[in-house]
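In full-length UniProt numbering, the protein residues as written are 1 to 282. Just so it is clear, CB atoms sit at the ideal spot from N, CA and C, and this is done for glycine as well. The structure appears right after this line, and notes come after that.
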Amino acid sequence: MGKSTLLNHLVGEKIAAASRKAQTTRHRIRGLITHGPDQLVLVDTPGVDPSTPKLLGKVLNRTAQAAVDDVDAVVLVVEAGRWEPADEALAQRLENSNRPVVLVINKVDRLKDKSALLPYIDQVRGRLPFHEVVPLSALKGKNVEPLVDTLMQLLPPGPHLFPDDEITDRSQRFRVTEVIREQLLERLGQEVPYATSVEVEQWEDSGTALHIGAVIWVEREGQKAIVVGKGGRMIKGVGSGARLELEQMLERKVMLKLWVKLRDGWQDDLDGIRRMGIDVES
Ligand SMILES: Nc1nc2c(ncn2[C@@H]2O[C@H](COP(=O)(O)OP(=O)(O)O)[C@@H](O)[C@H]2O)c(=O)[nH]1
Ligand SMILES: [Mg+2]
């Protein structure tokens, strides 16, 4: 629906992987916007998918729910023209959360008939007493400033929780894994990217370049062949796509090495999930 795209746009850099595929987001990622005395801490979460069969999916659902408990306001993101059963379920849960809910109507750039927007807004306004409704395009960065203003006004007074010049609570290493994962999600078919996880194993500065080595973990032997691709074509594409982005992000020359390794059934094993660096809420 565009939560991670929106977060990236708001902080001005890629801190969270975004893709067409459901459950791309696996972590609670904080984005930071500091305007003078005000500091906004935006928390990206996995989407909620009640039908997920794997333990990893259940862990992600819990991460999303736990995130609501310790924030001052919630942003519910829906797609313009739509109101899915999952949106309705979330809205109902938020109604009892005692927190102001701002509704973001995303992807307005996709609406063919712009005159349909106003009646749609009227219709969804009635679903919940939203604090505010903001139509925008996270991808094009259209109308995102009013969202920041609205959220800034909802901030309780208090000291800054993070240094003023930081844009996320996540390390550069983490951001590197998100960039690689995004390439995997973009280039692989439906099944395999979900089975992968990325871990940075090497990080060395030679002066002229940053040498980064990362492992792409897969769940089954057959997935290894798919990630490597014919003649190594897939992994090469992932590597060069990721390297280009990393050089922009880190503003320097990057040498990226990728390995594909097998960790049997990690998505159904709590220990495996933890070892992949994914937080597990207790
Ligand atoms: N056309 C259009 N696509 C968008 C917009 N925002 C996000 N997307 C796309 O929607 C997909 C899901 O985005 P993502 O940020 O991963 O959604 P999340 O699962 O809610 O975090 C990606 O392919 C994005 O490029 C938007 O404003 N307009
Ligand atoms: Mg996401």
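Got a sec, what are the start and stop residues for the beta strand (DSSP E) residue i sits in?
i    : result
Pro3 : Per the sequence shown, residue 3 should be read as Lys rather than Pro. Here Lys3 belongs to no beta strand (DSSP E); instead the alpha helix (DSSP H) covers Lys3 to Val11.
What are the partner residues of residue i, as DSSP defines its beta bridges?
i      : result
Leu103 : Leu76 and Val133
Gln39  : Thr34
Ile29  : Asp44
Thr168 : Gly31
Lys142 : Ser137
Which residue marks the beginning of the alpha helix (DSSP H) containing residue i, and which one marks its end?
i      : result
Gly272 : Leu270 to Arg275
Arg62  : Leu55 to Asp69
Ala16  : Neither: Ala16 is in no alpha helix (DSSP H) and is coded neither H nor E.
Pro157 : Neither: Pro157 is in no alpha helix (DSSP H) and is coded neither H nor E.
Ala116 : Unbroken run through Ala116: none, as it is neither H nor E.
Glu88  : Pro85 to Glu95
Near residue i, which residues of its chain fall below 7 Å by C-beta distance, leaving aside the five closest residues on each side in sequence?
i      : result
Leu56  : Gln267 and Ile273
Arg125 : Val133
Glu201 : Gly213, Ala214 and Val215
Val260 : Ile216, Val218, Lys224, Val227, Val228 and Ile235
Ser97  : Val68 and Val74
Glu221 : Leu262
His27  : Ile278 and Asp279
Ser19  : Glu182, Leu185 and Glu186
Thr63  : Arg28, Thr45, Pro46, Asp279 and Glu281
Arg243 : Val254 and Leu256
With a CB to CB cut of under 6 Å and the five nearest residues on each side skipped, what residues in its chain are close to residue i?
i           : result
Ala66       : Glu281
Asp109      : Ser137 and Lys140
residue 284 : Because the chain spans 1 through 282 in this model, residue 284 falls outside it and cannot be assessed.
Asp164      : Thr34
Val11       : Gly31 and Ile167
Leu147      : Val134
Val198      : Thr177, Ile180, Arg181, Ala214 and Ile216
Lys257      : Gly213
Gly265      : Glu219
Gly241      : Gln183
Asp169      : Arg30
Asn143      : Leu136
Glu245      : Val179
Return the chain-ordered list of same chain residues with a C-beta closer than 8 Å to the C-beta of residue i, the five sequence neighbours on each side being excluded.
i      : result
Ala86  : Gly47, Val48, Asp49 and Pro50
Glu88  : Arg127
Ala22  : Gly47 and Asp49
Leu94  : Val68, Val74, Leu76, Val101 and Leu128
Val78  : Met1, Glu84, Asp87, Leu103, Val104, Ile105, Asn106 and Val124
Pro156 : Asp72
His131 : Ala73, Pro100, Val101, Val102, Thr150 and Leu154
Gly237 : Gln183, Arg187 and Gly229
Lys253 : Thr208, Ala209, Leu210 and Glu247
Ala269 : One detail in the question is off: residue 269 reads as Asp in this sequence, not Ala. Correct list, in chain order: Leu55.
Leu7   : Ile15, Ala16, Ile29, Gly31, Leu42 and Asp44
Leu111 : Ala80, Gly81 and Leu117
Leu90  : Val48 and Leu76
When you measure from the CB of residue i to every non-hydrogen atom of ligand 4, does any distance come out below 8 Å?
i     : result
Asn61 : As presented, the structure is devoid of ligand 4, carrying ligand 1 and ligand 2 as its sole ligands.
Report all residues for which the CB-ligand distance to some heavy atom of ligand 2 is below 7 Å; order them along the chain.
Lys3, Ser4, Ala16, Ala18, Thr24, Thr25, Asp44, Pro46 and Gly47
Contiguous beta strand (DSSP E) assignments of at least 3 residues, all confined to the UniProt domain "KH type-2" (180 to 264)
197 to 205, 210 to 218 and 254 to 262
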